[in-house]
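Chemist: For the protein sequence lines, the chains are A and B, in the order given.
For the first sequence, the numbering used here assigns the number -5 to the initial residue and increments by one for each residue that follows.
For the second sequence, the numbering used here assigns the number -5 to the initial residue and increments by one for each residue that follows.
Backbone N, C-alpha and C fix where the C-beta goes; we use that ideal spot for every residue, glycine too.
Remember, predicted model here, so these are calculated numbers, not experimental data.
Here's a structure for you.
2 protein chains.
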Amino acid sequence: MQYPEAIAKLIESYMKLPGIGSKTATRLAFFTIDMDEEDVKEFAESLLAAKRDLHYCSICGNITDEDPCEICRDANRDQSKILVVEQPKDIMALEKMNDYQGLYHVLHGVLSPMDGKGPEDLNIAPLIKRLQKSEVNEVIIATNASPEGESTAMYLARLIKPAGIKVTRLAHGLSVGSDIEYADEMTLQRAVEGRQEM
Amino acid sequence: MQYPEAIAKLIESYMKLPGIGSKTATRLAFFTIDMDEEDVKEFAESLLAAKRDLHYCSICGNITDEDPCEICRDANRDQSKILVVEQPKDIMALEKMNDYQGLYHVLHGVLSPMDGKGPEDLNIAPLIKRLQKSEVNEVIIATNASPEGESTAMYLARLIKPAGIKVTRLAHGLSVGSDIEYADEMTLQRAVEGRQEM
């Protein structure tokens, strides 16, 4: 016996999502059949709407339903600082702290020679153009603390510094509330390197 | 800054799926935006199709796009045996072994007084009716080895046996290829109880 076609297709669709294998996809598909018809319709509609209505901001590369995005349009934000992130969702995490008032720029990835990802595959050229014609005096690099994130940060620093713009990097060290006992060596090393006078 | 409405709605939809919290839902939503338009359309269509085309078989309760289902329609199967499972996906697992040739019946759950689930909430009355007017001489109970699965099995046995129909339960014991060292006590207890002469 085979699965009826409708469920086989749905399982296949779920399996295209990241981190979802055939067992989870099957569970989700059976769950879908038991869902309220209203909820399923809303789900299907929101999938189509997300694909149809969302674009990348032509200035910063953030995800948005209007162009330019909410942040780029906001004249009250500090136009002298650009914080560079890997992905749009990083902006959301940073905005949650309600502290940073400057602008953003999304790279949409990191340099990764292993995956054949060079500077031309990232949203870097538009960043350089932005810097040339704006009043930005500081670029804060907030790529992840992975080897690729680090080398992307280094690459950008070398590219931007000669223009006389200050380039900074987010501090790395112990998480607030974490135990030294459980910290990994790399984090401890960065915490010691970055120690500050009290 | 808030998420654009289209993505907030999609995250909300993903969160209605079991085992998917806000972090995973956000990751899936951003992944969706980067998917091929064709794939997203297919996903939306397969969600609607699954809800529209799939029903429960009016005889056995299995999931099907035609009624009665493929197995109930198949005259070559052994009409004298009914194997009772909790969920339609259990049938798929059993069919994979390519060994059992009888019929099935899906309970759609187990007795669970804690969740207010009594016999009338399960697909039990149709099973009893099936037994009354058919040539079935054995009911094999294949509910899970959970406390609820066990008590549902006991309940069914007490209900069906007086009609002179043989009621059996799947064997419990060590998994094939497993180590005694790592088996839990309940499994070992059942393996000893169910020991067979060599």
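#1: Counting only the same chain and skipping the five closest in sequence on each side, list residues whose C-beta sits under 8 Å from that of B:Met9.
#2: Determine the extent of the alpha helix (DSSP H) in which A:Leu4 is found, giving its start and end residues.
#3: Under the DSSP definition of a beta bridge, which residues are partnered with A:Tyr98?
#4: Is there a C-beta anywhere in chain B that falls below 7 Å from the one on A:Ala43?
#5: Alpha carbon to alpha carbon, what distance is there between B:Leu22 and B:Gly158?
#6: Taking the alpha-carbon positions, what's the B:Leu105 to B:Ser145 distance?
#7: Taking 7 Å as the CB-CB cut-off, is A:Asp84 touching chain B?
#8: Against A:Ile1, what residues of chain B qualify as contacts under a CB-to-CB distance less than 7 Å, listed in chain order?
#9: Just the C-alpha distance for B:His166 and B:Leu182, rounded to the nearest angstrom, thanks.
#10: Specify the secondary structure class of A:Ile53 as computed by DSSP and reduced to three states.
#11: Rounding to the nearest angstrom, what Cα-Cα distance links B:Leu164 and A:Ala139 in this structure?
#12: What is the rounded straight-line gap between the Cα of B:Asp30 and the Cα of B:Phe37?
#13: Is the shortest distance between the beta-carbon of B:Ile27 and the beta-carbons of chain A less than 7 Å?
#14: Would you say B:Asp61 lies against chain A (beta-carbon separation less than 7 Å)?
#15: Which word fits B:Gln(-4), buried or exposed, when buried means at least 16 other C-beta atoms lie within 10 angstroms of its C-beta?
#16: Report the option in B:Leu121, B:Ala2, B:Glu142 and B:Gly188 whose CA atom is closest to the CA atom of B:Ile76.
#17: Evaluate B:Glu175 with the Cβ neighbour count: other Cβ atoms within 10 Å of its Cβ, from every protein chain shown; 16 or more gives buried, anything less gives exposed.
#18: Taking the alpha helix (DSSP H) that A:Ile122 belongs to, which residues open and close that run?
#19: Residues of chain A with a CB under 9 Å from the CB of B:Asp33: which are they?
#20: If we count the other Cβ atoms within 10 Å of its Cβ and call it buried at 16 or more, is B:Asp84 buried or exposed?
#21: Cβ of A:Glu132 versus every heavy atom of the ligand ADP: is any distance shorter than 6 Å?
#22: Can you tell me whether B:Thr162 is helix, strand or coil according to DSSP?
#23: Using a Cβ-Cβ cutoff of 9 Å, what residues of the region 169 to 180 of chain A are near chain B? List them in chain order.
#24: Under 8 Å by Cβ, that's how I've got A:Ile1 and B:Ile27 pegged, so tell me the actual separation to the nearest angstrom.
#25: Which residues mark the beginning and the end of the beta strand (DSSP E) in which B:Ile134 is found?
#26: Which residues in the same chain as B:Cys51 place their Cβ atom closer than 7 Å to its Cβ, once the five residues preceding and following it in sequence are excluded?
#27: Can you say whether B:Gly112 is buried or exposed, counting buried as having 16 or more other CB atoms within 10 angstroms of its CB?
#28: How about A:Gly96 and A:Asp68: do their beta carbons lie closer than 7 Å?
#29: What's the C-alpha gap between B:Ser74 and A:Val34?
#30: For A:Thr20, go through chain B and note every residue whose CB falls closer than 9 Å to its CB, in chain order.
#31: Tell me which residue opens and which closes the alpha helix (DSSP H) that A:Met180 is part of.
#32: Between the beta-carbon of A:Ile135 and the beta-carbon of A:Leu150, is there less than 7 Å?
Modeler: Let me spell this out:
#1: Numbered from 1 along the second sequence, position 15 holds the residue referred to as residue 9 of chain B. Leaving aside the five residues that flank B:Met9 on each side, the residues in its chain whose CB is nearer than 8 Å to its CB run, in chain order, Gly15, Ser16 and Ala19.
#2: Numbered from 1 along the first sequence, position 10 holds the residue referred to as residue 4 of chain A. Looking at the DSSP string, the run of the alpha helix (DSSP H) that includes A:Leu4 is Glu(-1) to Met9.
#3: For the purposes of this step, residue 98 of chain A is identified with residue 104 of the first sequence, where counting begins at 1. By DSSP's assignment, A:Tyr98 forms a beta bridge with A:Leu77.
#4: The residue labelled residue 43 of chain A in the question sits at position 49 within the first sequence. For A:Ala43, the answer is yes, since a Cβ of chain B falls inside 7 Å of its Cβ.
#5: As a first step, residue 158 of chain B must be located in the second sequence, where it is residue number 164. As a first step, residue 22 of chain B must be located in the second sequence, where it is residue number 28. Going by the C-alpha atoms only, they are around 53 Å apart.
#6: Stepping through the second sequence from its first residue, residue 105 of chain B is reached at position 111. Stepping through the second sequence from its first residue, residue 145 of chain B is reached at position 151. Those two C-alpha atoms are separated by around 7 Å.
#7: As a position in the first sequence, residue 84 of chain A is number 90, starting the count at 1. False, the Cβ-Cβ gap to chain B never drops below 7 Å.
#8: Within the first sequence, residue 1 of chain A is the residue found at index 7, counting from 1. Residues of chain B whose Cβ lies closer than 7 Å to the Cβ of A:Ile1 are, in chain order, Ala44, Leu48 and Ile57.
#9: Position 172 of the second sequence, counting from 1, holds the residue named residue 166 of chain B. Position 188 of the second sequence, counting from 1, holds the residue named residue 182 of chain B. Distance between the alpha carbons of B:His166 and B:Leu182: 9 Å.
#10: By 1-based counting over the first sequence, the position of residue 53 of chain A is 59. In this structure, A:Ile53 counts as coil in the three-state DSSP scheme.
#11: Counted from its first residue, the second sequence places residue 164 of chain B at position 170. Counted from its first residue, the first sequence places residue 139 of chain A at position 145. Going by the C-alpha atoms only, they are around 52 Å apart.
#12: Sequence index remark: in the second sequence, residue 30 of chain B carries index 36 (1-based). Sequence index remark: in the second sequence, residue 37 of chain B carries index 43 (1-based). Between B:Asp30 and B:Phe37, the alpha-carbon positions lie close to 11 Å from each other.
#13: Taking the first residue of the second sequence as 1, we reach residue 27 of chain B at position 33. Among the CB atoms of chain A, one or more fall inside 7 Å of the CB of B:Ile27.
#14: As a working note, residue 61 of chain B is residue 67 in the second sequence. By this cut-off, B:Asp61 is not an interface position.
#15: Position 2 of the second sequence, counted from the start, is the residue given in the question as residue -4 of chain B. Under this definition B:Gln(-4) is an exposed residue.
#16: One-based indexing of the second sequence puts residue 76 of chain B at position 82. Each of B:Leu121, B:Ala2, B:Glu142 and B:Gly188 was checked against the Cα of B:Ile76, and the nearest Cα belongs to B:Leu121.
#17: One-based indexing of the second sequence puts residue 175 of chain B at position 181. Exposed.
#18: Reading the first sequence from its first residue, position 128 is the one you call residue 122 of chain A. Here the alpha helix (DSSP H) through A:Ile122 covers Ala119 to Gln126.
#19: Indexing the second sequence from 1 puts residue 33 of chain B at position 39. Taking a Cβ-Cβ threshold of 9 Å, the residues of chain A close to B:Asp33 are Ser7 and Lys10, in chain order.
#20: Counting from one through the second sequence, the residue named residue 84 of chain B turns up at place 90. Residue environment for B:Asp84: buried (at least 16 other C-beta atoms within 10 angstroms of its C-beta).
#21: The ligand ADP is not part of this structure, which contains no ligands at all.
#22: Your numbering for residue 162 of chain B matches position 168 in the second sequence. In this structure, DSSP gives B:Thr162 an extended state, which the three-state scheme calls strand.
#23: Legend: CB atoms of the region 169 to 180 of chain A lying less than 9 Å from CB atoms of chain B are not found in any residue.
#24: As a first step, residue 1 of chain A is located in the first sequence; it is residue number 7 there, counting from the start. As a first step, residue 27 of chain B is located in the second sequence; it is residue number 33 there, counting from the start. Not a contact, Cβ separation roughly 26 Å.
#25: The residue you call residue 134 of chain B lines up with position 140 of the second sequence. B:Ile134 -> beta strand (DSSP E) spans Glu132 to Ile135.
#26: By one-based count along the second sequence, residue 51 of chain B stands at place 57. Closer than 7 Å at the Cβ level, and outside the excluded window around B:Cys51, lie Thr58, Asp61, Pro62, Cys63 and Cys66.
#27: Residue 112 of chain B sits at position 118 when you count from the first residue of the second sequence. It counts as exposed.
#28: In the first sequence, residue 96 of chain A corresponds to position 102, counting from 1. In the first sequence, residue 68 of chain A corresponds to position 74, counting from 1. In this structure, A:Asp68 does not lie closer than 7 Å to A:Gly96 by Cβ.
#29: Here residue 74 of chain B is taken as the residue at index 80 of the second sequence, counted from 1. Here residue 34 of chain A is taken as the residue at index 40 of the first sequence, counted from 1. Going by C-alpha positions, B:Ser74 is about 39 Å away from A:Val34.
#30: Along the first sequence, one-based indexing puts residue 20 of chain A at 26. Identification of chain B residues near A:Thr20 by a Cβ-Cβ cut-off of 9 Å yields Lys83 and Met86, ordered along the chain.
#31: For the purposes of this step, residue 180 of chain A is taken as residue 186 along the first sequence, with counting starting at 1. In the DSSP annotation of this structure, the continuous segment of the alpha helix (DSSP H) that includes A:Met180 starts and ends at Glu179 to Glu187.
#32: One-based indexing of the first sequence puts residue 135 of chain A at position 141. One-based indexing of the first sequence puts residue 150 of chain A at position 156. Yes; because the gap between Cβ atoms is below 7 Å, this pair is in contact.
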